[in-house]
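The UniProt record's numbering puts the first residue of the sequence shown at 1, with every later residue one more than the last.
Beta carbons are placed, not taken as given, at the ideal position from N, Cα and C, and that holds for glycine.
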Amino acid sequence: MSLSECRAECLRNCNCTAYANPYITNGGSGCLIWFGDLIDTRDFIGMDSKQNIYVRVSNSEISETELSIDLEKEKGKKRPMKLILTSMVSGVLVSGFINGAIFLMTRRKRRAAQKKNEDLELPVFKWTTIVTATNNFSKENVIGEGGFGPVYRGNLSADEEIAVKRLSRTSGQGLEEFKTEVILIAKLQHRNLIRLLGCCIEGEERVLVYEYLPNKSLDCFVFDQNQRTLLTWPRRFDIIMGIARGLLYLHCDSRLKIIHRDLKTSNILLDGNLNPKISDFGLARTFGENQASARTKRVVGTYGYMAPEYAMNGKFSVKSDIFSMGVVLLEIVSGKKNRGFDHCTHCHSLLEHAWLLWKENKTLELMDECLNDTFVESEVKRCIQVGLLCVQKCAEDRPVMSSVLFMLGTEGAILPEPKEPGFLIERSSSSVRSCTSASSNYDKETMSITDLEAR
């Protein structure tokens with residue numbers, strides 16, 4: 001009996017549970033049919049066979065079994081798919097987080113840089129533009145030495161010249177001082193103040209871009225034997241008045257009350273028509289509307305121009321600038337430097353010399369001898385008297401800038417008598433001494449000055 005016939009026989013009997021071909025050693029065929037529980041009788045007779053047994057089941061059982069098998073296969077397929085999807089989603093999330101963090105950091109830096117530029121309130125030049133304009137900061141283009149670094153002449157175009165102040169890395173001016181100078185000058189608009197065109201902050205490099213003034217600084221004229229003759233008295237008087245107007249603007253008329261703290265002849269620049277412009281605001285400080293003075297533990301400035309109360313106690317105010325203005329005024333009239341001034345019978349002080357001449361009623365002897373043919377006696381005397389009023393020892397005795405400008409510009413004005421000046425003069429590189437009389441409190445033993453910079 002064949003296998004198909006055996007199957008048909010099992011299907012005809014409702015009690016048949018399984019069927020199979022028996023193993024016939026003679027190569028024949030047959031049919032084994034099971035009823036009830038399945039027992040392979042061949043195990044009992046020691047037969048070893050690899051034949052199949054066919055179990056009879058209902059259609060519903062076949063459907064459930066196939067469904068279970070299909071589900072197991074589907075689950076097997078879904079597991080690696082879930083792993084793949086989970087890995088992909090995780091990768092996308094991690095990548096998104098990293099990219100988001102990078103984007104936020106970049107945007108934060110960009111906003112910080114943008115805010116920095118907005119705070120500066122003026123154009124920011126590219127470093128490559130500055131390098132090209134100055135021919136890579138060529139020595140041939142150096143036109144001066146500012147308080148915190150060299151100043152170069154540059155060309156932005158064929159018709160536009162600029163002055164580039166490059167912060168020296170050994171200058172001592174930090175980023176905050178640099179920003180102070182930028183922010184202050186950016187807010188200032190006056191014909192007697194230097195005009196700032198822009199700046200550049202590139203890594204460690206910090207650069208200020210100014211308008212170019214062809215006649216350099218006032219000291220190049222006043223103290224030069226040849227150039228001083230170009231400064232007739234009318235020109236000197238106009239320069240004095242221009243400086244006074246610029247300083248009055250800083251103290252009273254600008255948006256901020258500003259103390260310059262380093263006014264001197266080398267910080268007064270001259271344009272093509274010899275009009276003065278106050279420059280170098282690296283040490284400048286702003287005051288509140290009702291603030292009268294301030295103190296600092298770090299006294300910086302220039303010998304010969306510093307008020308005594310600032311040099312010894314670190315106290316500065318508008319009266320500190322007034323003292324410096326007085327020194328500059330006397331230097332312009334005399335053509336002599338206060339620092340290093342020497343006289344055969346006097347101390348090393350232009351201020352003391354002016355004071356002694358004033359007391360002896362020999363005021364005109366202080367005047368630069370090259371002015372003999374051009375001066376106006378009343379104006380010269382008035383300028384010297386105002387200069388002495390500005391350099392009085394006690395800050396409270398010095399006039400405010402509005403009074404200085406009024407006294408300078410008013411012919412026939414009644415001026416107060418000046419009191420003794422404060423004499424603070426550099427004796428050597430390591431010591432500073434007083435040149436006042438024995439009654440002065442500013443003597444060598446009581447003086448303590450730190451971080452003075454000869455600039």
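Residue j beta carbon less than 8 Å from that of residue i
i: N155; j: A133; result: yes
i: I322; j: A284; result: no
i: T363; j: L357; result: yes
i: E331; j: L351; result: no
i: E211; j: R195; result: yes
i: I278; j: G326; result: no
i: N192; j: L274; result: no
i: E289; j: A395; result: no
i: C199; j: V124; result: yes
i: V209; j: V164; result: yes
i: V404; j: C383; result: no
i: L167; j: G144; result: no
i: S334; j: M367; result: yes
i: W233; j: T410; result: no
Residue burial classification, residue i (beta-carbon count within 10 angstroms, cutoff 16)
i: D280; result: buried
i: residue 461; result: With the chain covering only 1 through 455, there is no way to say anything about residue 461.
i: W34; result: buried
i: S253; result: Checking the displayed sequence, the identity of residue 253 turns out to be Asp instead of Ser. D253 should be labelled exposed.
i: P416; result: exposed
i: E365; result: exposed
i: A413; result: exposed
i: M306; result: buried
i: C6; result: buried
i: Q392; result: buried
i: T229; result: exposed
i: W127; result: exposed
i: Q291; result: exposed
Extent of the continuous alpha helix (DSSP H) to which residue i belongs
i: E5; result: 3 to 12
i: K257; result: Here K257 belongs to no alpha helix (DSSP H); instead the beta strand (DSSP E) covers 257 to 259.
i: A354; result: 350 to 359
i: E379; result: 377 to 390
i: V400; result: No alpha helix (DSSP H) contains V400, which DSSP labels as neither H nor E.
i: I240; result: 233 to 248
Extent of the continuous beta strand (DSSP E) run through residue i
i: T129; result: Note, T129: premise wrong, no beta strand (DSSP E); alpha helix (DSSP H) at 127 to 133.
i: L32; result: 32 to 35
i: C220; result: Per DSSP, C220 belongs to no beta strand (DSSP E); it is in the alpha helix (DSSP H), 219 to 222.
i: A413; result: No beta strand (DSSP E) contains A413, which DSSP labels as neither H nor E.
i: C16; result: 16 to 20
i: E145; result: 142 to 145
Quick check for students: name the residue ranges of the beta strand (DSSP E) that lie wholly in the region 265 to 346, counting only runs of 3 or more.
268 to 270, 276 to 278, 285 to 287, 293 to 295, 315 to 317, all fully within the region 265 to 346.
Tell me, please, whether the region 219 to 233 touches the region 180 to 192 by the rule of three or more beta-carbon pairs shorter than 8 Å.
no
So, do the region 295 to 302 and the region 230 to 245 have three or more beta carbon pairs nearer to each other than 8 Å?
By the C-beta criterion, the region 295 to 302 is judged not to be in contact with the region 230 to 245, since fewer than 3 inter-stretch pairs fall below 8 Å.
Let me know the beta strand (DSSP E) ranges lying completely inside the region 147 to 211, each 3 residues or longer, listed in chain order.
150 to 155, 161 to 166, 196 to 202, 205 to 211
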